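Take a look at the structure below.
Residue numbers (this note's numbering): 25 to 591.
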């Protein structure tokens, strides 16, 4: 291998010192061509926690070649998102590599179904992916003028996490270096890499390009999005899931296999952007795959959208701003004991919170409660009070003003101005959604809608193409003390109105009913539902309506059957 010359210094360590280290720190972490141990070593006058890879003394051939490759590459090329090689030993039969220690191990252990480690937030996972993509971008585009390194074994097990959760690409033993400025400089070689992550074009043709790494990184992105490793058991048949996620994406059903935490914690438009770039990485045509530099750019843009919409990705999100979206203050009595426990964990009482908090409309959280009105705080009474307060004060006007402002800023062309009111006596939480035409605008679907308050968001046409606005969203809430249901609302605002007009439709069903095949039937029903629709299921009632213009107001009222019949 020809390596461009750069200045470097890497200590050659004595075998006696390292073997003594291993004797006292026999904590094997992984296997491969040898074991990896954790220990402490004095380097550059400082006691340092290190990871020590000791090759099996019987290893030769490929294992020895990887050993030399790691020394050559990691001694010359440094980047915050590449694991650092601190030293090595090549003395007699001893072949030892000393790396900086990654305190939190590798990404894959956080994606296993049987994981015993503390879970990562979804924001942490995407930040880790951005770090890893930056490391790969360095290898592809910035190691030295006119050169690039192709890793050949990108996978979640080779993404290490330090004490600050910074991600570092590791295991460069299979890497190959070549010229970057020649279109025909890709390498023909024996296929290497890990099944499930390996580019199928590389595997079948033995032709390697930097896009092979991009494919592997796309698999990692989908592992993170789906919350599982790429090798899994489906219908008792072992298979890899790259083709599975491609199929689900192309059929518009990717949400069915996305990790529920991702859907709950990430802004929906950000999640869409990340899914789109992950899918592009897996394209069968290499020329249509993005560069890893573009992947970095798109992932960062997605997280900027996430942050600009105020979604924190933490359980401690301030309910008054509800992730920065136009929703939802509270009738105090709708907060149950589970909600109270959340406030306690935040070091603030519910009463203190309600006295000071304001929602995104500027309204105070504390409204007149059922107790103050002399009523027993039952679910039925809370729902009745909320229903009567639907137009109390400026609540509706504030919500409408908010979504109209969104329309002025972002809603070019057909848009749906969506207003949702909760009069169920319980808090409603976002469960899932489905886009057929158009997309959620700059404000995501409200994460929660508290009893007695409006939620608001804008659904817009798809930019730069002819598109109407047709989508559905599901909210989940209690209907008895121990049972929940899902309330689905949907709308259809056609692009060209030859045979149909705006339509509003709704259904209520058991939890999870709207996660799968039900979408096809709903899509077929909605355009013919008319501009008003209602549904009741057990004690639950929903009513939806939509105006007739090209960017109409769509209203959904969630409540109870006994509330509607008593009015």
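Virtual Cβ for every residue (Gly too), placed ideally from N, Cα, C. If you're wondering where the values come from, they're calculated on a predicted model, not measured in any experiment.
Coarse secondary structure for residue i, derived from DSSP in three states
i, result
"residue 281", "coil"
"residue 64", "strand"
"residue 418", "coil"
"residue 115", "strand"
"residue 569", "strand"
"residue 131", "helix"
"residue 485", "coil"
"residue 545", "helix"
"residue 512", "strand"
"residue 255", "strand"
"residue 506", "coil"
"residue 222", "coil"
"residue 423", "helix"
"residue 238", "helix"
"residue 471", "coil"
"residue 274", "helix"
"residue 70", "strand"
"residue 169", "coil"
"residue 301", "helix"
"residue 585", "helix"
"residue 313", "coil"
"residue 461", "strand"
"residue 327", "helix"
"residue 526", "coil"
"residue 87", "helix"
"residue 533", "strand"
"residue 286", "helix"
"residue 449", "coil"
"residue 77", "strand"
"residue 120", "strand"
Exposed unless 16 or more other CB atoms sit within 10 angstroms - verdict on residue i
i, result
"residue 477", "buried"
"residue 511", "buried"
"residue 526", "buried"
"residue 575", "buried"
"residue 468", "buried"
"residue 470", "buried"
"residue 544", "exposed"
"residue 590", "exposed"
"residue 121", "buried"
"residue 403", "buried"
"residue 290", "buried"
"residue 540", "exposed"
"residue 187", "exposed"
"residue 228", "exposed"
Check whether residue i and residue j have beta carbons under 9 Å apart
i, j, result
"residue 517", "residue 492", "yes"
"residue 76", "residue 63", "yes"
"residue 183", "residue 130", "yes"
"residue 266", "residue 254", "yes"
"residue 463", "residue 495", "yes"
"residue 580", "residue 444", "yes"
"residue 503", "residue 584", "yes"
"residue 204", "residue 105", "no"
"residue 146", "residue 309", "no"
"residue 547", "residue 460", "yes"
"residue 185", "residue 154", "no"
"residue 174", "residue 233", "yes"
"residue 243", "residue 149", "no"
"residue 506", "residue 410", "no"
"residue 515", "residue 442", "yes"
"residue 197", "residue 89", "yes"
"residue 66", "residue 73", "no"
"residue 303", "residue 329", "no"
Given residue i as reference, the closest of the options once Cα atoms are compared
i, options, result
"residue 98", "507, 194, 79", "194"
"residue 201", "185, 168, 514", "168"
"residue 91", "101, 74, 109", "109"
"residue 180", "145, 273, 501, 132", "132"
"residue 176", "216, 418, 582", "216"
"residue 553", "567, 402, 415", "567"
"residue 80", "95, 66, 114", "114"
"residue 160", "322, 551, 317", "317"
"residue 320", "427, 283, 127, 164", "164"
"residue 457", "297, 277, 252", "277"
"residue 199", "283, 172, 269, 143", "172"
"residue 119", "95, 101, 136, 127", "95"
"residue 189", "448, 587, 134, 162", "134"
- Task: Decide if the stretch 530 to 537 is in contact with the stretch 476 to 488; the criterion is three or more beta carbon pairs, one per stretch, under 8 Å apart.
- Result: no
- Item | Touch test, the stretch 229 to 243 against the stretch 310 to 319, Cβ-Cβ under 8 Å, three pairs minimum | yes
- the stretch 546 to 558 touching the stretch 412 to 428, judged by at least three CB pairs closer than 8 Å: no
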